[in-house]
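Here this note's numbering runs 31 ahead of the position in the sequence shown, where the first position is 1.
Heads up, the beta-carbon is just placed ideally off N, CA and C, and yes, glycines get one too.
All of these numbers come straight from a predicted model, not from anything done at the bench.
One structure is given below, encoded as structure tokens.
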Amino acid sequence: MTGNRNIVDEITGHRRMRRNRKADWTRRLVQENRLTVDDLIWPAFVVPGTNVVDPVAAMPGVNRLSVDKLVEAAKEAADLGIPAIATFPNIDMSLRDETGSHCLAANNLINEATRAIKKAVPNIGVITDVALDPFTNHGHDGVLRGDVIVNDETVELVAKAAVIQADAGSDIIAPSEMMDGRIGVIRRALDEAGHQNVGIMAYATKFASAFYGPYRDAIGTGGLLKGDKKTYYIDPANGTEALRDAALDVEEGADTLMVKPGLPYLDICWRIKEAFGLPVFAYQVSGEYSQIKAAALNGWIDGERVMLETLLAFKRAGCDGILSYFAMDVARHLAKKGS
Ligand code: PBG
Numbered sequence: 032m033t034g035n036r037n038i039v040d041e042i043t044g045h046r047r048m049r050r051n052r053k054a055d056w057t058r059r060l061v062q063e064n065r066l067t068v069d070d071l072i073w074p075a076f077v078v079p080g081t082n083v084v085d086p087v088a089a090m091p092g093v094n095r096l097s098v099d100k101l102v103e104a105a106k107e108a109a110d111l112g113i114p115a116i117a118t119f120p121n122i123d124m125s126l127r128d129e130t131g132s133h134c135l136a137a138n139n140l141i142n143e144a145t146r147a148i149k150k151a152v153p154n155i156g157v158i159t160d161v162a163l164d165p166f167t168n169h170g171h172d173g174v175l176r177g178d179v180i181v182n183d184e185t186v187e188l189v190a191k192a193a194v195i196q197a198d199a200g201s202d203i204i205a206p207s208e209m210m211d212g213r214i215g216v217i218r219r220a221l222d223e224a225g226h227q228n229v230g231i232m233a234y235a236t237k238f239a240s241a242f243y244g245p246y247r248d249a250i251g252t253g254g255l256l257k258g259d260k261k262t263y264y265i266d267p268a269n270g271t272e273a274l275r276d277a278a279l280d281v282e283e284g285a286d287t288l289m290v291k292p293g294l295p296y297l298d299i300c301w302r303i304k305e306a307f308g309l310p311v312f313a314y315q316v317s318g319e320y321s322q323i324k325a326a327a328l329n330g331w332i333d334g335e336r337v338m339l340e341t342l343l344a345f346k347r348a349g350c351d352g353i354l355s356y357f358a359m360d361v362a363r364h365l366a367k368k369g370s
């Protein structure tokens, strides 16, 4: 033995984690997870009119788009390789009522957007939500009777809306209203209407979260909402209950499962992936986006690096993909890097 005896080698038994981290090439060799454009779903806000690009104040960099502009953006998304787009409408206040009845209009804004996108950009997937909140005058996701969001009547409505959305060309129905039994009822309704190929992405675990604030601004429900959504969304304190809720969605026929919000619920992503083996998606929601943007705009964090790190964290937690308002930015970044 020469004079290289070293206390650290003795303690580590000659194992050194840093050997694999010593250079860019070693780090690339051992990298376990990678974010690619195939992981991204882009949530987009639709407004009536033409040629409208209306910034969402609470979400710097995010715009509400009229259908023509949305189609242009969907084309860019498809060209960048983004697999799917998830649309959320901000409809005229005069069309909103107690029961959200306008969700059943075949030519409402969300269905109009689906038709236009599928016609102009057939190679991008369209994912539509059937929750009633864009259509109700109280901002709740279901039918309000007295002070109760009634479950079964809401389920009946959203199943009808799902069929109408599928008729318009929607590829995947993503019900976010957390009513009991809706996955099974929607599956039956779709199949009965001949939509066996239309999938269901269950908002399997949607938590009663404060991170949705900017979204409510974006679709104009923030000022409308009376009370809160605690009687139908999951308590942020409850992980085991979330798993039971997801298990029901699996039994009822969900094709994929979603966790929402995202980053504060990575434990749920991991547990759900382990428990069911179905494809799992996380929704990095509006408040998560705005936090990063706000800090970046203040120069407090490196916005691009934080964006990429959060998305990679979803992959590490077992997610197959992420719904993110950063999707277009990330796709452009990855395209630049790859070329
Ligand atoms: C409601 C719905 C919400 C979001 C999408 N659909 C939550 C809510 O307002 O209660 C949140 C999305 C986001 O914050 O980005 N069905």
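Where does the unbroken beta strand (DSSP E) through residue i begin, and where does it stop?
i: I180; result: V179 to V181
i: Y314; result: V311 to Q315
i: D164; result: Premise fails: D164 is in no beta strand (DSSP E) and is neither H nor E.
i: I116; result: A115 to P120
i: V84; result: V84 to P86
i: W56; result: Careful: W56 lies outside any beta strand (DSSP E), inside the alpha helix (DSSP H) at D55 to V61.
i: T287; result: T287 to K291
i: V93; result: First-last for V93: undefined, no H or E at that position.
i: P74; result: L71 to V78
Quick test of your reading: residue i and residue j, contact by CB under 8 Å. State the CB separation rounded to the nearest angstrom.
i: A115; j: L96; result: That pair is no contact at about 17 Å.
i: A239; j: K261; result: 5 Å
i: A117; j: I158; result: 4 Å
i: D286; j: I231; result: 5 Å
i: F207; j: V229; result: In the sequence under discussion, the amino acid at residue 207 is Ser, which differs from the Phe named in the question. With a Cβ gap of about 16 Å, S207 and V229 do not count as contacting.
i: L342; j: I353; result: 6 Å
i: A358; j: L71; result: 4 Å
i: L255; j: A192; result: Not a contact, Cβ separation roughly 19 Å.
i: I214; j: G284; result: 6 Å
i: V98; j: E143; result: 6 Å
i: A306; j: L339; result: Contact flag wrong, Cβ pair sits at about 28 Å.
Cβ-heavy atom distance between residue i and the ligand PBG below 7 Å?
i: S317; result: yes
i: S132; result: no
i: Y296; result: no
i: K260; result: yes
i: F242; result: yes
i: A325; result: no
i: A162; result: yes
i: S207; result: yes
i: D276; result: no
i: F119; result: yes
i: Y263; result: no
i: D172; result: yes
i: R127; result: no
i: R213; result: no
i: R247; result: yes
Please return the same chain residues whose Cβ sits closer than 6 Å to the Cβ of residue i, not counting the five positions on each side in sequence.
i: V290; result: T236, Y296, I299, C300 and A313
i: P137; result: Here residue 137 turns out to be Ala, not Pro, going by the sequence shown. Cβ neighbours of A137 beyond the five flanking positions: I195.
i: K304; result: V311 and G349
i: E184; result: V174
Tell me residue i's beta-bridge partners as DSSP assigns them.
i: S355; result: Q315
i: R247; result: BP columns for R247 are empty, so no partner.
i: F238; result: I265
i: I203; result: I158 and G230
i: A197; result: Paired residues: none, contrary to the question.
i: L255; result: Partner(s): none; L255 has no beta bridge.
i: I42; result: Answer is none; I42 lacks a bridge partner.
i: V174; result: V181
i: D128; result: T167
Specify, as a first and last residue, the run of the alpha helix (DSSP H) that residue i falls within.
i: G334; result: G334 to R347
i: N142; result: L140 to A151
i: D280; result: T271 to E283
i: K304; result: L297 to F307
i: L221; result: R213 to E223
i: L111; result: V98 to L111
Got a sec? Which residues, its chain only, sit under 7 Å from residue i by beta carbon, not counting five neighbours each side?
i: A348; result: L297, C300 and W301
i: D351; result: P310, V311 and F312
i: K149; result: V157 and G200
i: R146; result: A199 and G200
i: N168; result: R127, D128, E129 and L255
Identify, in the order they occur along the chain, each residue of the same chain with its Cβ nearer than 8 Å to the Cβ of residue i, setting aside the five sequence neighbours on each side.
i: A325; result: P91
i: A151; result: V102, A105 and K106
i: H133; result: I122, L126, R127, N139 and F166
i: P245; result: V87, A89, M90, S317, G318, Y320 and S321
i: Q315; result: P292, G293, L294, T341, L342, F345, I353, L354, S355, Y356 and F357
i: F242; result: P292, P295, V316, S317, G318 and E319
i: V83; result: R95, L96, S97 and K100
i: G112; result: V68, D69, A362 and A366
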